[in-house]
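Colleague:
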Amino acid sequence: MKKKQVENFFKLFIQDYLVGDILILDKIRKDKNTGLGACTIPQAMAVISGIDLLGLLFGNNKETNNSKKHIFEFYRITKQAYKSDQYSVENIKKIVSYRHGMMHSFFPKFKSENIGICKSESQELIIKQTFGNIEIESINVTILTRDFLLAVYELEIMLTESSEDLFFDNILNSIKDLGYSNQLAITTSTMTTMNIVTQNTRK
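The working numbering puts the first residue of the sequence shown at 161, with every later residue one more than the last.
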């Protein structure tokens, strides 16, 4: 029963809602005339929110208002799923910094002159380019997204292969702490829309 609850939650909230929206955002490309409209920041916000959430659900740190620890937990748990050398401690700290800026002021670091954000065909997570005399360091949302999707698949395998009650208790307790407990029963039914109200105080 516990395993089924977690699998249903993961299917609806993570795969259908979160990943579903991220896949749509990932297909959006910038306007060729203006260079705008690629939804790069909204995509990064969705991905990093997912990293934060899954780090809490699957990780060992259960402080609901400690996004930094959740993000580090996510990369600890899923490091086998992608090219892990791109996710050094330094780069994970950068992801945390981007998260704080975007969630509070939309831009990665409001008023900063030396960081950027982009969608790129480069295979690098962090891209450095010089414009004039300023070196701009940008996070590549394309790679961040690709690796996140690989990690989600890795977590799905973990759910499928695990039969340990403690493993599922860990996740269920976090779901309840976030205020999703009233939705667990609903996830077994087919829906076209859902209003989610949580008691979440995460910052």
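All C-beta atoms in this analysis are idealised placements derived from N, C-alpha and C, irrespective of residue type, glycine included.
What you are looking at is a predicted structure, and each value in this text was computed from that prediction instead of being measured.
#1: To which residues of the same chain is methionine 262 closer than 7 angstroms at the C-beta, ignoring the five residues directly before and after it?
#2: Looking at the structure shown, is glutamine 289 part of a helix, part of a strand, or coil, going by DSSP?
#3: Assess, as a yes-or-no matter, whether the stretch 174-183 is touched by the stretch 304-317 under the definition of 3 or more beta carbon pairs within less than 8 angstroms.
#4: Whole alpha helix (DSSP H) runs in the stretch 315-342 with 4 or more residues, listed along the chain?
#5: Pick helix, strand or coil for serine 257, following the three-state DSSP scheme.
#6: Considering only their Cβ atoms, is the gap separating valine 312 from leucine 216 smaller than 9 angstroms?
#7: Enumerate in chain order the residues of its own chain whose CB-to-CB distance from leucine 309 is below 6 angstroms, with the five nearest sequence positions on each side excluded.
#8: For phenylalanine 266, which option in Lys336, Ile208 and Glu281 has the closest C-alpha, if you only look at C-alpha atoms?
#9: Pull up the CB-CB distance for lysine 162 and phenylalanine 328, whole angstroms please, since I reckon it's below 8 angstroms.
Modeller: Judging by the given coordinates:
#1: So the qualifying residues of the chain are Ile201, Ala204, Met205 and Pro268.
#2: Collapsing the DSSP output to three states places glutamine 289 in a strand.
#3: Enough Cβ pairs lie closer than 8 angstroms, so yes.
#4: Entirely contained in the stretch 315-342, the alpha helix (DSSP H) runs reaching 4 residues are, in chain order, 325-337.
#5: Helix, per DSSP.
#6: Going by C-beta atoms, leucine 216 is not nearer than 9 angstroms to valine 312.
#7: Closer than 6 angstroms at the Cβ level, and outside the excluded window around leucine 309, lies no residue.
#8: Checked all of Lys336, Ile208 and Glu281; the closest Cα to phenylalanine 266 is Ile208.
#9: Rounded, the Cβ-Cβ distance is 4 angstroms, consistent with contact.
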